[in-house]
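Its first residue numbered 1, the sequence shown is counted upward by one per residue in my numbering.
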Amino acid sequence: MRDKLIERGLLLCAMSAVGTLALIALFIAREGMPVLVNHGVLNMIAGATWAPTKGQFGLLPMIAGSAMVTVGAVLMGVPLGLACAVTLAELASKKWRRLLKPMIELLAGIPSVVYGFIGMELLVPFIRGQTWLGGSGYSALAASILLAIMVLPTIIGISIDAIEAVPRAYRDGSYALGATQWQTIIGVVLPAARAGIVAGVILGMGRAVGETMAVIMVAGNSVLIPGSLLDPVRTLTANIALEMGYASGEHEQALFATGIVLFVVTLGLNALAGRARRAGHT
1 MRDKLIERGL
11 LLCAMSAVGT
21 LALIALFIAR
31 EGMPVLVNHG
41 VLNMIAGATW
51 APTKGQFGLL
61 PMIAGSAMVT
71 VGAVLMGVPL
81 GLACAVTLAE
91 LASKKWRRLL
101 KPMIELLAGI
111 PSVVYGFIGM
121 ELLVPFIRGQ
131 TWLGGSGYSA
141 LAASILLAIM
151 VLPTIIGISI
161 DAIEAVPRAY
171 RDGSYALGAT
181 QWQTIIGVVL
191 PAARAGIVAG
201 VILGMGRAVG
211 ETMAVIMVAG
221 NSVLIPGSLL
231 DPVRTLTANI
241 ALEMGYASGE
251 HEQALFATGI
261 VLFVVTLGLN
271 ALAGRARRAG
281 HT
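Structure, rendered in structure tokens:
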């Protein structure tokens, strides 16, 4: 009897999480679908002009900005994160690992506004001061660098778990064949842990896509399709945060439609991460 009560209680907790997600999805869809129906999904997603006062709700500049910032963050964060994960899981002594791993995990606990403030005070002036770069410093590059740092705990943590899950026999077999430690890491451990590492990268992308405050503070928030990393950009999350306070009518519905796009992207990334993890167990 007691076991059944515990089982039902756990099931209720699990169903409550699913129910909460469903309610959020329904609420966003109810608020955002009218403008999508009136203006057309394709017109909004592919539209290049965001002018709410004129009834134009093109999301392409924000989609392009989000994509550029996220891809830039991943390209910078993945090599560093993977290198840190390999070092901690395979090369570092237990003493250094006990010291460094909690410090890396602490990065996830720093509020995003603190990252944004540091970016405004240090990163933006640095970029502005490089004459060969040019620009005001408020750019997709600044946002990408900041997000690359912010996604490191996710990428490193999941990659370490994936590397540690590789059976010891794989390493011993490689050493028995005469391979060095580095050859074993490159040729055996990383390929065996590939699915978990890919899942970590995808979840890191989800973290980058959903970041708001830090990006607002350093990205420049220009509603234009960026031509390079040095251009100011506005992301989907920043668009919602900046305008929701005074939006009304179709403008407010368009911001909820922006939330629908974000919701779909986030669910897609999580589904890809789950699929990558399952692929590693088959």
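Every residue, glycine too, gets a C-beta built ideally from N, C-alpha and C. Computed from a predicted structure; not experimentally measured.
Practice task
Starting from the Cα of Met33, find the closest Cα among Thr266, Leu11, Gly249 and give me that residue.
Solution key: Gly249
Exercise for the section: Confirm, please, whether the CB-CB distance from Ile158 to Leu82 is below 8 angstroms. Expected result: no
Practice task
Would you kindly work out how many angstroms separate the C-alpha atoms of Arg8 and Met15, rounded to a whole number?
Solution key: 10 angstroms
Exercise for the section: Measure the Cβ-Cβ separation of Gly200 and Ile155 and say whether it is below 8 angstroms. Expected result: yes
Problem - Pairwise C-alpha distance: Ala108 and Leu10 - result: 28 angstroms
Handout entry: Buried versus exposed call for Ser93 [16 or more other C-beta atoms within 10 Å across all chains shown]
Key = exposed
Handout entry: Residue from Leu203, Ile202, Tyr170, Leu267 whose Cα sits closest to the Cα of Gly187
Key = Tyr170
Problem - Given Ala241 as reference, the closest of Asn221, Leu229, Leu230, Arg30 once Cα atoms are compared - result: Asn221
Exercise for the section: Can you have a look at Asp3 and say buried or exposed, based on whether 16 or more other CB atoms are within 10 angstroms of its CB? Expected result: exposed
Problem - Where Tyr246 falls, given that 16 or more other Cβ within 10 Å makes a residue buried - result: exposed
Problem - Whole-number beta carbon distance between Ser139 and Ile149, since they are thought to touch under 8 angstroms - result: No, Ile149 and Ser139 are not in contact; Cβ-Cβ is about 16 angstroms, not under 8 angstroms.
Problem - Inter-residue spacing [alpha-carbon to alpha-carbon] between Ala193 and Leu5 - result: 38 angstroms
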